Structures are given as C-alpha cells and as structure tokens.
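Some notes on the structure that comes next.
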Amino acid sequence: MTIDWNAFTPLTALAGGVLIGLASAWLILMNGRIAGISGILGGLLDWPRGDRGWRLAFVLGLLAGPAIWGLFHALPDIEIHASATMLVAAGLLVGIGTRYAAGCTSGHGVCGLSRLSPRSFAATLTFMGGGFATVYVIRHLLGA
Amino acid sequence: MNKFSISAFIAGLLFSFGLLLSGMANPEKVLGFLDIFGAWDPSLALVMGGAIAVGLPLFALAKKRSSSILGAPIQLPGKREIDRRLILGSLIFGIGWGLAGFCPGPGIVATGALKPGAILFTLCMIFGMWVFHWRERRNT
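Line order of the protein sequences matches chains A and B. For the first sequence, position 127 (counting from the first letter as 1) is numbered 402 according to the working numbering, and the numbering increases by one without interruption. For the second sequence, position 10 (counting from the first letter as 1) is numbered 17 according to the working numbering, and the numbering increases by one without interruption.
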C-alpha cells in the first residue's frame with residue numbers, strides 16, 4: 276500500500292463528512308427516519324404506496340444538489356471511466372445487494388455505525404471488503 | 008408539500024452537498040479509496056469519520072427521544088441478527104460498488120449533475136431494486 280498524497284483531500288473530505296452526518300442527524304431528529312438512501316429509494320418502489328412524500332422529497336433534494344451548488348460554485352469533477360456494460364452490471368448488483376442487505380454506505384455505513392449497531396458494522400466491513408477485492412481484481416489482476 | 012417533505016428535502020440537499028464537497032460524488036475518487044493495493048487515496052475514511060463523529064452524539068440524542076421534533080415517531084431499526092441476507096447482500100453490493108465506484112447516494116447526485124453514465128447506473132440500480140422487491144412479494 277502506498278498513499279496517493281496528491282489525491283488525498285483531508286479537509287474537504289472531513290467537511291463533506293460532517294455535512295453528511297448533519298444531514299443524517301437532521302432526518303432522524305426532524306422526521307424520525309434513517310437516512311439510508313437505498314432504503315428510502317426502495318420504499319418508493321414498494322406496494323402499497325405508503326409514506327411516499329418524504330421519500331420523494333429526500334431523493335429530489337439529492338438530485339437538486341448539483342444544480343443548486345452550481346448556482347454558487349463550479350461543480351467538482353465527476354469522472355466516470357467505467358464502460359456502459361460495467362455501469363449496467365454495477366447498477367444491478369448495487370440495487371439487488373443493498374435491498375438484500377437492507378442498507379448501503381449511508382444506512383449501514385453512516386447511520387448504523389453512528390448507532391453503534393453490530394449488524395451495520397458487519398455489513399460495512401463486508402461491502403468495503405467486496406469493494407477492495409473487486410478493485411484489486413480489476414486493476415491489478417486484469418489490469419483494466 | 009407538508010412539513011415532513013420540506014424537512015426531508017433539506018436533508019437530501021445537505022446530503023448531496025456533503026457528497027459533492029467530500030468528492031464522493033466522483034466515482035474515480037471512490038475507486039481511489041477502494042484501491043488499497045495501488046496508489047491509495049484515504050479520503051473516504053475521513054468522510055466516514057466526519058459523518059460518524061457528528062452522528063454519534065446526535066443519534067444518541069435521537070434514541071432518547073420518544074418522538075421527532077416534527078412530531079413523528081423515531082423509527083430506528085430493531086433488527087439485530089447478522090444473517091446470511093446481510094452478509095451476502097453486502098458482498099453483492101460491495102462488488103457492484105467496486106465495478107464502477109458508485110453507491111446509491113453518489114449515483115443519484117451524479118444523475119442530478121446529468122452525467123449520462125450515472126443516469127445509466129441509477130436506472131439499472133432502480134431496476135435491480137425493483138426485481139428484488141418483486142421476488143420478495145412473490146415469495147411471501
């Protein structure tokens with residue numbers, strides 16, 4: 276392991292993390308709900324149609340972020356190098372996996388670890404491990 | 008729009024800003040973190056650290072309250088078991104995350120930035136979720 280000091284952005288990472296923590300705390304304290312993005316999105320697909328209003332509003336907030344950010348500041352880089360095939364496979368795996376595990380980086384990673392949930396700790400270790408292994412295979416074994 | 012929707016919109020917007028500011032809406036940066044055997048960018052660890060540092064005291068506060076500030080019940084997950092679904096699902100998610108560098112939040116935010124690759128990812132993610140829900144309904 277070598278640390279890529281040129282790519283490392285500790286201050287914006289920490290500040291962005293604080294904002295994410297505040298957003299999650301806001302949703303639990305104001306609405307009484309967990310800010311798990313896969314869970315919020317998944318709930319929009321459920322039947323019967325229950326509490327859809329706040330879910331839709333949360334997703335709209337996520338979508339509106341770049342446009343509102345763009346009014347005040349240049350948008351940060353969003354570089355997508357994956358091929359269309361990879362993006363399709365990634366989307367399907369992320370969609371199925373997060374619903375099967377009942378959470379993702381936000382629900383288990385941020386909210387779950389903040390609640391000191393052993394279940395979320397196990398989930399976070401597992402998806403991080405899956406991510407590390409996949410990138411290792413793609414970049415270092417296949418050299419893509 | 009009722010007060011719950013306005014509040015949820017603000018939470019979503021803050022979350023979106025957090026992902027943009029931290030660089031996590033950028034899949035290349037996320038892949039830089041997941042590449043621990045290459046040139047490793049530890050930034051994502053600090054994003055998680057910052058979020059949890061704020062989350063710990065505020066979630067502890069939420070646990071103590073019987074209802075939310077807007078008057079809704081506080082709904083915290085009651086499930087405790089570390090079961091096959093949790094581990095297998097997380098593994099499937101992790102593999103998908105490593106393929107493109109997108110997890111659900113950044114995928115939606117980059118869709119909001121109108122990046123074609125992100126739109127494709129997000130539509131497939133929603134389809135994957137829909138397939139899972141459809142199977143669950145059929146099996147129960």
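For each residue, glycine too, the CB sits at the ideal point set by N, CA and C. Quick caveat, the model's predicted, so the values are computed rather than measured.
- Residue environment: Ile-99 (chain B) is assigned as buried (16 or more neighbouring CB atoms within 10 Å of its CB, all protein chains considered).
- Only buried fits Phe-24 (chain B), as 16 or more other CB atoms lie within 10 angstroms of its CB.
- In the structure shown, Ala-376 (chain A) falls within a coil segment according to DSSP collapsed to helix, strand and coil.
- When secondary structure is reduced to three states using DSSP, Ala-339 (chain A) falls in the helix class.
- Shown here for Gly-108 (chain B): same chain residues with a beta carbon closer than 6 Å to its own, the five before and five after excluded, namely Pro-34, Val-37, Leu-38 in chain order.
- Arg-87 (chain B) belongs to the set of residues whose beta carbon lies under 8 Å from a beta carbon in chain A.
- Sequence-ordered contacts of the region 330-347 of chain A with chain B read Arg-330, Leu-331, Ala-332, Phe-333, Val-334, Leu-335, Gly-336, Leu-337, Leu-338, Ala-339, Gly-340, Pro-341, Ala-342, Ile-343, Trp-344, Gly-345 [C-beta pairs closer than 9 Å].
- Under the DSSP assignment, Pro-285 (chain A) falls in the alpha helix (DSSP H) whose first and last residues are 285-301.
- Comparing alpha carbon positions, the residue from A:Ala-398, A:Arg-330, A:Trp-301 closest to Gly-317 (chain A) is A:Arg-330.
- Taking 9 Å as the upper bound on Cβ-Cβ separation, chain A lies near residues Arg-92, Leu-93, Ile-94, Leu-95, Gly-96, Ser-97, Leu-98, Ile-99, Phe-100, Gly-101, Ile-102, Gly-103, Trp-104, Gly-105, Leu-106, Ala-107 of the region 92-107 of chain B.
- Per the DSSP secondary-structure output, Ala-282 (chain A) pairs with nothing in a beta bridge.
- The Cβ of Lys-122 (chain B) sits closer than 8 Å to at least one Cβ of chain A.
- Note on geometry: alpha-carbon atoms of Ser-14 (chain B) and Pro-341 (chain A) lie some 19 Å from one another.
- A residue is called buried when at least 16 other Cβ atoms come within 10 angstroms of its Cβ; Gly-112 (chain B) meets this threshold and is buried.
- Segment contact: the region 285-304 of chain A against the region 121-128 of chain B, fewer than three CB-CB distances shorter than 8 Å; contact not assigned.
- Residue nearest to Ala-290 (chain A) within the set B:Ala-46, B:Gly-19, B:Ala-60 is B:Ala-60 (criterion: CA-CA distance).
- The closest CA to that of Ala-398 (chain A), considering only A:Gly-382, A:Leu-337, A:Ala-408, A:Gly-336, is found on A:Gly-382.
- The straight-line gap separating the alpha-carbon atoms of Arg-394 (chain A) and Gly-101 (chain B) is approximately 16 Å.
- Under DSSP, Thr-277 (chain A) forms a beta bridge with B:Ala-46.
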